[in-house]
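Just below is one structure, and these are the notes that go with it.
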Amino acid sequence: MSALFQRCILEANHKRTIERSLAQLEYLIEQINTPKAPLYNRFDLFFASGMLPVWALKQRFATVMLNLGMVKAALELFLKLNLWEDVIICYTILELKHKAAEVIKQELAKKPSVKLWCLLGDAEIEAQHYETAWKLSGEKSSRAQRHWGYHYYFQQNYAEAVPHLKLSAELNSAQEMVWLRLGFAALQLEDWKLAASAYRKYCSLEQSNFEVWNNLAKAYIKMGDKPRAWRSLQDAVKCNFDKWEVWDNLMIVSNDLGHFSEVIRCYHRILDLKGSHVDVQILAILARAIVNETKDSDKNSSRKYLPKALELFGRITANTTTDADIWRLYAELTLLKNNDIDNQKAAQYMQRAYRAAVANPRWFKTVQDANVVLDTCVRLAQATMRCINNCAVAQKRAVLGSAKLNLQSVVKKLKDLMWEDQSGISENLAKVERYLQVVLDELEKLKNA
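In the UniProt record's numbering, the protein residues as written are 1 to 449.
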């Protein structure tokens, strides 16, 4: 019977098996009062089995009925068992809270208790009853403070809720939900230190809630303690491996701390979950660190991450082909390999960056967008000049010809709009014209060769 009861508890948590759990619990309750087997057989290993009392079986039976929507049947059983908290839940669902208050007042008339005063406060939504319960306990009841704090918490009056929740947690530190709600209330009040403390306590009791680890990391970040936030987010992704938002948070904090291998791992995981993801800011910081050989979190050169970064960019560009910034960063990293094949690849990537930049029909409408295109043209010309060093003549002519057309198109468009005298553009436009002349000179050399 004990084994079947444990099975009922497990099956009650799943939609597909909850009805079977209900039937099995009903069978168990019937069997207790059906002496089919001799008494000495029924008591064999009874105390070793850890079998719960009959009222606990009936309580579980009523709870399963409540979860299946059989509220009135569950209410009848809860009333027989004097489980007033569950009675209030049932009356609340039935929108009959006044009935719950009547029942509790009848019990209070018989024998006042802290629990009953707290439940009356819940039924009538009256804070004064919690104060009565608190005084009745000799100001020692964590339950009274918990209900008092919840009263304000559910009204979103967090400033009033925090002192009561805090005192309840101090009186009884094993209350998971009190720590959880204290942490959330502290977050709303921007009391980061209290929020971090409350969430730490909760996590010491329950380690599998990824949202709490994530909120703990937020509190640490607000306190300026990013290393501890990073460790908290590591625990968050262990609890929920499939939540891309948590991976994104971990990626951002890893980027700030120089954990570049973790940045790459997080980005790959986000791509696994979403299919495509573009965060140019993160990618730009990663690329800049590799290009400039910035020290990572272990005080080593970030250049060692180049192969993994190129693999990541290859995967990103397989799904995202219209972002000029990503193609430009990909080209910059590819040029670091400094060989003929990769120089040619970099030139191709810059061609893709150029096409993506000018695909915006409004690129020549603002100074900022025009400068982005001009900068792309400069980088395209630079990559082109590097890739033609050891090319065959036919390939060299094709690459230079393509670059010439691209640069001429941009220069002509801006000159037609008379932007060559525009402040903020004239310098960059002149730079593109100089590179265009270099490309034309190279083509002339090939013609005369």
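We put the beta carbon where it would ideally sit given N, CA and C, even for glycine. As the structure is a prediction and not an experimental result, all values here were calculated from the model.
Do residue i and residue j have their C-beta atoms closer together than 9 Å?
{"i": "L233", "j": "F260", "result": "no"}
{"i": "C391", "j": "D340", "result": "yes"}
{"i": "Q145", "j": "H164", "result": "yes"}
{"i": "K166", "j": "L205", "result": "no"}
{"i": "W230", "j": "I270", "result": "no"}
{"i": "Y199", "j": "A219", "result": "yes"}
{"i": "A100", "j": "V87", "result": "yes"}
{"i": "F210", "j": "V246", "result": "yes"}
{"i": "residue 490", "j": "M177", "result": "Residue numbering for the chain in the displayed model covers 1 to 449; residue 490 lies beyond these limits and cannot be assessed."}
{"i": "T317", "j": "A359", "result": "no"}
{"i": "A56", "j": "L77", "result": "no"}
{"i": "Q207", "j": "D242", "result": "no"}
{"i": "T384", "j": "A403", "result": "yes"}
{"i": "M65", "j": "L4", "result": "no"}
{"i": "L443", "j": "L407", "result": "no"}
{"i": "L119", "j": "E85", "result": "yes"}
{"i": "V54", "j": "I93", "result": "no"}
{"i": "K111", "j": "A133", "result": "no"}
In the DSSP assignment, what are the bridge partners of residue i?
{"i": "S301", "result": "K295"}
Please work out which residues of its chain come closer than 6 Å, Cβ to Cβ, to residue i, disregarding the five sequence neighbours upstream and downstream, and give them in chain order.
{"i": "Y152", "result": "E160, A161"}
{"i": "C387", "result": "N343, Q344, A347"}
{"i": "Y158", "result": "A185, Q188, L189"}
Note down, in chain order, each residue of its chain lying with its Cβ closer than 8 Å to the Cβ of residue i, except the 5 sequence neighbours on either side.
{"i": "F364", "result": "A370, V373, K413, L414, L417, W419"}
{"i": "N255", "result": "V263, I282, I285, L286"}
{"i": "residue 482", "result": "With the chain running from 1 to 449 in the structure shown, residue 482 is simply not present."}
{"i": "L336", "result": "I290, V291, R303, L306"}
{"i": "H268", "result": "L312, R315"}
Enumerate in chain order the residues of its own chain whose CB-to-CB distance from residue i is below 7 Å, with the five nearest sequence positions on each side excluded.
{"i": "E433", "result": "V411"}
{"i": "G275", "result": "N319"}
{"i": "Q59", "result": "L81, L83"}
{"i": "R20", "result": "E11"}
{"i": "K431", "result": "V378"}
{"i": "Y330", "result": "F313, T317, Y349"}
On the premise that residue j lies in contact with residue i, defined as a C-beta separation below 8 Å, what is that separation, rounded to the nearest angstrom?
{"i": "Y305", "j": "I326", "result": "Between I326 and Y305 the Cβ distance is about 17 Å, and since that is not below 8 Å, they are no contact."}
{"i": "L108", "j": "C90", "result": "Wrong, their Cβ atoms sit about 19 Å apart, outside the cutoff."}
{"i": "A217", "j": "N240", "result": "Going by Cβ atoms, the distance from A217 to N240 rounds to 13 Å, so no, they are not a contact pair."}
{"i": "H129", "j": "W117", "result": "5 Å"}
{"i": "N67", "j": "I18", "result": "6 Å"}
{"i": "V393", "j": "L446", "result": "6 Å"}
{"i": "A309", "j": "R328", "result": "About 14 Å; that fails the 8 Å criterion."}
{"i": "A123", "j": "I104", "result": "6 Å"}
{"i": "L257", "j": "S297", "result": "6 Å"}
Kindly say whether residue i, judged by its beta-carbon, lies nearer than 9 Å to any beta-carbon of chain C.
{"i": "Q382", "result": "Absent here is chain C; the protein component of the structure consists of one chain."}
Below 8 Å, is the gap between the Cβ of residue i and the nearest heavy atom of the ligand GTP?
{"i": "N338", "result": "Inclusion of the ligand GTP in the displayed structure is not the case, the ligand content being empty and no account of it being possible."}
Could you tell me which uninterrupted alpha helix (DSSP H) segments, each at least 4 residues in length, are contained entirely in the stretch 63 to 143, listed from first to last along the chain? 71 to 81, 84 to 93, 97 to 110, 114 to 124, 127 to 136
Which ranges does the alpha helix (DSSP H) cover as unbroken runs of at least 4 residues, wholly within the stretch 204 to 284, from first to last along the chain? 210 to 223, 226 to 239, 244 to 257, 260 to 274
Please specify which runs of the alpha helix (DSSP H), each continuous and at least 4 residues long, are wholly inside the stretch 176 to 202, giving them in chain order. 176 to 188
Could you pull out every unbroken alpha helix (DSSP H) segment of at least 4 residues lying fully inside the stretch 288 to 363, listed in chain order? 306 to 319, 324 to 335, 340 to 358
Where in the stretch 8 to 33 do unbroken runs of the alpha helix (DSSP H), each at least 4 residues long, occur, reported from the N-terminal end onward? 18 to 32
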